[in-house]
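Residue numbers (the numbering used here): 2 to 157.
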């Protein structure tokens with residue numbers, strides 16, 4: 002059996018919580034990380050290669066994007082948005098005109114954003130930050146009433 006035939010038997014998800022049922026052949030990032038760590042054995046010990054759990058990658062992704070956005074927005078608009086910027090609710094203290102400009106600037110920042118994970122391994126950081134970027138993008142597009150330029154298909 003070729004590897005592709007074997008892989009067709011499984012459903013791959015990007016979320017640890019999604020379809021967490023053994024009977025439906027779902028493979029999530031934690032399972033892939035476990036396989037990755039077990040398959041590299043002695044190499045892992047010699048090189049320090051490890052799978053990073055989603056709680057950690059989510060924390061790092063959130064804080065990295067948070068700092069990037071806050072630094073750029075505070076500089077551009079001479080504002081003092083608080084650290085951490087946990088939700089967009091914190092922007093409600095500003096007049097609607099300024100908020101709209103800030104939201105539009107968020108989109109410009111997202112369009113210019115480049116992410117590099119030089120030690121990519123299983124891709125856990127890239128998946129985590131990618132999901133966060135999509136959530137931020139969708140929020141901004143919805144609040145501004147724009148048409149989505151990018152369509153993401155959700156697996157059901």
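Don't be surprised by glycine CBs; every beta carbon is placed ideally from N, CA and C.
In terms of Cα proximity to residue 51, the closest of 63, 64, 33 and 66 is 33.
In this structure, the straight-line span from the alpha carbon of residue 57 to that of residue 95 is close to 32 Å. If you look at residue 125, you'll find it in the alpha helix (DSSP H) that goes 125-145. Non-local beta-carbon contacts of residue 62 in its own chain, meaning distances under 6 Å to residues more than five positions away in sequence, involve 129, 130 and 133 in chain order.
Across the set 143, 139 and 26, the C-alpha of 26 shows the shortest separation from the C-alpha of residue 13. Residue 121 has its alpha-carbon roughly 16 Å from the corresponding atom of residue 44. About 12 Å separates the beta carbons of residue 110 and residue 78, which is beyond the 8 Å limit, so they are not a contact pair.
If you draw a straight line from the Cα of residue 104 to the Cα of residue 48, it comes to about 43 Å. In chain order, 130 place their CB closer than 8 Å to the CB of residue 65, counting only its own chain and leaving out the 5 sequence neighbours on each side. Around residue 59, the same chain offers 129 and 133 as residues with beta carbons nearer than 8 Å, after the five sequence neighbours per side are excluded.
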